[in-house]
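> A single structure is presented below for examination.
Residue numbers (the numbering used here): 1 to 296.
See the structure below:
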């Protein structure tokens, strides 16, 4: 989808994108690691096109909503409001699309590293059975097609380089290590290349790497369980016990005819805690927990 929009937008604002490309060279590596097969000028065109579209929509919608909701007539004030919203929309959209390749590469890295212990174990089994590296990557490519364990599509790319482009195995593996978003996978591919060059035991290499990765995974899970226990205690204290005590105190104050605190009555504060503070902090807690949870 992004590829199609990028090619379309390049025909519209490509002349501007070509001028910006030398200043955004750092994005090339992010695009490569994210697996986005888009040239840098084309992606910059997508950024500009998206930002301009968001800016125009923000300008028009802000004027319409100001008219409908606040009865603000079309005047200099509404134009200034529209321009402000448009500039804000341009900046926010440009920033989001700028960081999108890095975020995509980060997500891809997490998926690779979550499956890596099982993928390397699978490669170890195949290597122990006497399969050469090319056949191992072919088997991995089949699993990647089925959405099972894999190395983020790199096996398919290596297989394409070998069979379609006629690139030798060493160059194909080295290229995969360079473009991989995971440093762990890159290190394993480089180690695999060294073992192949020195004529070492590839099955033994994969076995040791799989054992090491499994140990790292177990350590990560233990750390997560410890963190989860701590977060559970915080949740019990901050989101259950403390709000209940506070609500009880406010209810007593309301029953006794308590005055205004900070411009708010006890009844208003109770409503604020129940319908705003507790849900908002609950959502923040869930998001934080989701970000901390190791990928399966």
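Quick reminder that beta carbons are idealized off the backbone N, C-alpha and C, glycines included.
#1: Find the nearest neighbour of residue 109 within the set 88, 92, 153 and 136, judged by alpha-carbon distance.
#2: Going by DSSP, what residue range makes up the alpha helix (DSSP H) through residue 217?
#3: Near residue 52, which residues of its chain fall below 8 Å by C-beta distance, leaving aside the five closest residues on each side in sequence?
#4: Tell me whether residue 1 sits in a helix, a strand or coil according to DSSP, three-state version.
#5: Over what stretch of residues does the alpha helix (DSSP H) that includes residue 94 continue unbroken?
#6: Going by CA-CA distance only, name the one from 11, 191 and 25 that's closest to residue 46.
#7: State the Cα-Cα distance for the pair residue 86 and residue 104, rounded to the nearest angstrom.
#8: Indicate the three-state DSSP secondary structure (helix, strand or coil) for residue 256 in the structure shown.
#9: Could you check the C-alpha separation between residue 8 and residue 38 for me, to the nearest Å?
#10: Determine contact between the region 29-36 and the region 73-84, defined as no fewer than three beta-carbon pairs at a distance below 8 Å.
#11: In angstroms with no decimal places, state the Cα-to-Cα distance between residue 195 and residue 201.
#12: Cutting at 6 Å between CB atoms, please list the residues of its own chain near residue 15, excluding the five before and the five after it.
#13: When you compare only the Cα positions, how much space is there between residue 156 and residue 210?
#14: Is the distance from the Cβ of residue 169 to the Cβ of residue 133 below 7 Å?
#15: Do residue 117 and residue 192 have their C-beta atoms closer together than 7 Å?
#16: Any idea if residue 176 is buried or exposed, counting beta-carbon neighbours within 10 angstroms, 16 or more meaning buried?
#17: Please report the distance separating the alpha-carbon of residue 293 from that of residue 18.
#18: Could you pull out every residue in the same chain whose Cβ sits closer than 7 Å to the Cβ of residue 138, ignoring the five residues on either side in sequence?
#19: Considering only C-alpha positions, which residue in the set 233, 265 and 88 is nearest to residue 59?
#20: May I have the straight-line CA-CA distance separating residue 204 from residue 136, to the nearest angstrom?
#21: Relative to the C-alpha of residue 282, which residue among 235, 2 and 251 is closest?
Checking against the coordinates, here is how it stands:
#1: Of the candidates 88, 92, 153 and 136, the one whose C-alpha sits nearest the C-alpha of residue 109 is 153.
#2: Per DSSP, the continuous alpha helix (DSSP H) segment holding residue 217 begins and ends at 202-235.
#3: The answer, listed in chain order, is 13 and 90.
#4: Note: residue 1 maps to coil in three-state DSSP.
#5: Segment 76-128, the alpha helix (DSSP H) holding residue 94.
#6: Sorting 11, 191 and 25 by C-alpha distance to the C-alpha of residue 46 places 11 at the top.
#7: In a straight line, the C-alpha of residue 86 is about 27 Å away from that of residue 104.
#8: In this structure, residue 256 counts as coil in the three-state DSSP scheme.
#9: The straight-line gap from Cα to Cα measures roughly 12 Å.
#10: Because the criterion of three Cβ pairs below 8 Å is not met, the region 29-36 and the region 73-84 do not touch.
#11: Each residue's Cα considered, the two are about 7 Å apart.
#12: No residues qualify anywhere along the chain.
#13: Each residue's Cα considered, the two are about 21 Å apart.
#14: Yes, the pair counts as a contact, with Cβ atoms nearer than the cut-off.
#15: Residue 117 places its beta carbon 7 Å or farther from that of residue 192.
#16: By the neighbour-count rule (16 or more Cβ atoms within 10 Å), residue 176 is buried.
#17: Computed Cα separation, rounded: 41 Å.
#18: Taken in chain order, the residues that qualify are 159.
#19: If we check each option's Cα against that of residue 59, 88 comes out closest.
#20: Their backbone Cα atoms lie some 15 Å apart in a straight line.
#21: Closest by alpha carbon: 235.
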